[in-house]
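Engineer: Attaching a single structure in structure tokens format; questions to follow.
Protein chains in written order, with the numbering used here: chain L, 1 to 180; chain C, 1001 to 1212.
Given below as structure tokens:
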């Protein structure tokens, strides 16, 4: 009976000690490796070498923006080259547009539809800007002679893989009231 | 046959089997899972197998892996001890097996929950990062001063079904400890009670007195 008790005690000790001591011995020359696996270093290296990091998505405009008077909607197309070392899903984009010179709310911009872009791939992203009726009046009265109007993109939020980047941006928007 | 079945500690048997099942399923399914963003970062946590996934790369932390092995061996030994004990609860060594086996699933469960709570509290206090134990939360990442970008991270977490199964296993093992008294008591009637020896003297009877 005492032998059973002794055996069970030995088993309890061996079960706890052997795996921990064994692992510590395996990493005795690199104790930091006990906490940080090599894969984590590889991920950090890949991210820092990719130029991705926290820069956020990079957009290149493609062609002229298209304006639909009936719906007061401007359609802007961009090329997105995924330079990140991983696939990117842009779930949404949204923001308020304000006239940079006068601070008047002009409308909102949104992403047409969610886009998934594999690493290294380039895809087209369509962004829609919907102007208010007041915005059209403002374009006609205050910016009638300007082809492009300076605007502030307030609370511009991009949802990439569930991570939301929120920023205020300065941009130029085509003036729908410009007659040339 | 009935006598053999009556001697089995059924709670112990169920607890032992459930413990072994918990070990096997925990190798494939986590007890607790944390997801950051749309599967950007995933933490699959259980006392038996903890791993992380970041951008399609899966990895484990060696020290946590060592603790996982400790838990794995602990739960297996507990399950086996409970099984052997349950089938032979009347043996002289059985009480040792029961004592060895019944507490381990409970302690594993407690260490797991306490560990999770402590880690989330540390993240909350030190990094001001709210990691939910159950449900979801949105955190804003600290960025360098002067940066005009705000980065918000959505994370969701929850306990998975192997965790609840582990609670059942721990409960059955505890119940086996209490049921042991009944099983142990059941073997008492097998000892025969000696018959009372016949009395040598006949009960005294008073002779009727006959009146003269």
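Built from N, CA and C at the ideal position, the CB exists for glycine as well. Owing to the predicted nature of the structure, the values given are computational and were not obtained by experimental measurement.
#1: What residues from chain C crowd round residue 19 of chain L, counting only those whose CB sits closer than 9 Å?
#2: Going along the chain, which residues of the region 1102–1135 of chain C sit with their C-beta nearer than 7 Å to a C-beta in chain L?
#3: Which residue from C:1074, C:1182, C:1179, C:1043 puts its Cα closest to that of residue 1059 of chain C?
#4: Looking at the unbroken beta strand (DSSP E) that takes in residue 1010 of chain C, where does it start and where does it end?
#5: Would you check if there are 3 or more beta carbon pairs closer than 8 Å linking the region 87–107 of chain L to the region 148–158 of chain L?
#6: Taking C-beta pairs closer than 7 Å, name the residues in chain L that residue 1062 of chain C reaches, listed in chain order.
#7: Note down, in chain order, all residues in the region 114–143 of chain L with a beta-carbon under 9 Å from any beta-carbon belonging to chain C.
#8: Mapping DSSP to helix, strand and coil, what is residue 1101 of chain C?
#9: Here's a check: name, in chain order, each residue in its chain whose Cβ is nearer than 6 Å to the Cβ of residue 67 of chain L, leaving out the five neighbours to either side.
#10: With residue 84 of chain L as the anchor, note down where its alpha helix (DSSP H) starts and where it stops.
#11: Please report how far the alpha carbon of residue 2 of chain L lies from the alpha carbon of residue 1061 of chain C, in whole angstroms.
#12: Between the Cα of residue 1133 of chain C and those of C:1141, C:1035, C:1167, spot the shortest distance and give me the residue it belongs to.
#13: Look at residue 1162 of chain C and residue 1031 of chain C and say whether their C-beta atoms are less than 8 Å apart.
#14: Compile a chain-ordered list of the residues in the region 154–172 of chain L whose CB is closer than 7 Å to at least one CB of chain C.
#15: Less than 8 Å between the C-beta atoms of residue 1100 of chain C and residue 32 of chain L, yes or no?
#16: What residues in the region 1149–1165 of chain C have a beta carbon less than 7 Å from any beta carbon of chain L?
#17: In chain L, which residues lie less than 8 Å from residue 1180 of chain C when you measure between Cβ atoms?
#18: Is it right to say residue 1190 of chain C is buried, meaning 16 or more other beta carbons lie within 10 angstroms of its own, or is it exposed?
#19: Span of the alpha helix (DSSP H) holding residue 1062 of chain C?
#20: What do you get for residue 1006 of chain C, buried or exposed, if any count of 16 or more other CB atoms within 10 angstroms of its CB means buried?
#21: Beta carbons nearer than 8 Å to chain L: which residues of the region 1005–1016 of chain C have them?
#22: Can a CB atom of chain C be found closer than 8 Å to the CB of residue 16 of chain L?
#23: In whole angstroms, what is the alpha-carbon distance linking residue 1020 of chain C and residue 126 of chain L?
#24: At a CB distance below 9 Å, what residues from the region 69–97 of chain L approach chain C? Give them in sequence order.
#25: Since residue 119 of chain L and residue 168 of chain L are thought to touch, with beta carbons under 8 Å apart, how far apart are those beta carbons, to the nearest angstrom?
#26: Would you tell me roughly how many angstroms separate the C-alpha atoms of residue 117 of chain L and residue 77 of chain L, rounded to the nearest one?
#27: Quick check on residue 1055 of chain C: does DSSP put it in helix, strand or coil?
#28: I'd like to check one pair, residue 1158 of chain C with residue 162 of chain L: are the Cβ atoms closer than 8 Å?
#29: Which residues does DSSP list as the beta-bridge partners of residue 170 of chain L?
#30: What's the gap between the Cα of residue 124 of chain L and the Cα of residue 95 of chain L?
#31: Where do the ends of the beta strand (DSSP E) carrying residue 106 of chain L lie?
#32: Verify the CB distance criterion: does residue 1040 of chain C have a CB-CB separation below 8 Å to chain L?
#33: Check whether the Cβ of residue 1088 of chain C lies closer than 8 Å to any Cβ atom in chain L.
#34: Let me see if you follow: with CB-CB separation under 8 Å, is residue 1027 of chain C close to chain L or not?
Structural biologist: So, from the data block:
#1: 1065, 1066, 1067, 1068, 1069, 1070, 1072, 1073, listed in chain order.
#2: none
#3: C:1043
#4: Segment 1010–1026 is the alpha helix (DSSP H) holding residue 1010 of chain C; no beta strand (DSSP E) there.
#5: yes
#6: Simply 23, 27, 33, 34, 37.
#7: Cβ contacts with chain C: none found.
#8: helix
#9: Only residues of its own chain outside the window of five on either side were considered, and among them 74, 176 have a CB closer than 6 Å to the CB of residue 67 of chain L, listed in chain order.
#10: It is not in any alpha helix (DSSP H) - residue 84 of chain L carries neither H nor E in the DSSP assignment.
#11: 39 Å
#12: Among C:1141, C:1035, C:1167, the Cα nearest to that of residue 1133 of chain C belongs to C:1035.
#13: yes
#14: Of all residues in the region 154–172 of chain L, only 161, 162, 163, 164, 165, 166, 167, 168 come within less than 7 Å of chain C when Cβ atoms are compared, listed by chain position.
#15: no
#16: The region 1149–1165 of chain C vs chain L, Cβ under 7 Å: 1149, 1150, 1151, 1152, 1153, 1154.
#17: Residues of chain L passing the Cβ test: none, with the nearest at roughly 16 Å.
#18: Legend: pLDDT at residue 1190 of chain C = 46, less than 50; position of this residue unreliable, value from coordinates given subsequently. Residue 1190 of chain C comes out exposed.
#19: 1062–1087
#20: Residue environment for residue 1006 of chain C: exposed (fewer than 16 other C-beta atoms within 10 angstroms of its C-beta).
#21: none
#22: yes
#23: Each residue's alpha carbon lies about 54 Å from the other.
#24: 84, 85, 86, 87, 89, 91
#25: Contact flag wrong, Cβ pair sits at about 29 Å.
#26: 15 Å
#27: The three-state secondary structure of residue 1055 of chain C, taken from DSSP, is coil.
#28: no
#29: Residue 170 of chain L pairs with L:152.
#30: 19 Å
#31: For residue 106 of chain L, the enclosing beta strand (DSSP E) covers residues 105–111.
#32: yes
#33: no
#34: False, the Cβ-Cβ gap to chain L never drops below 8 Å.
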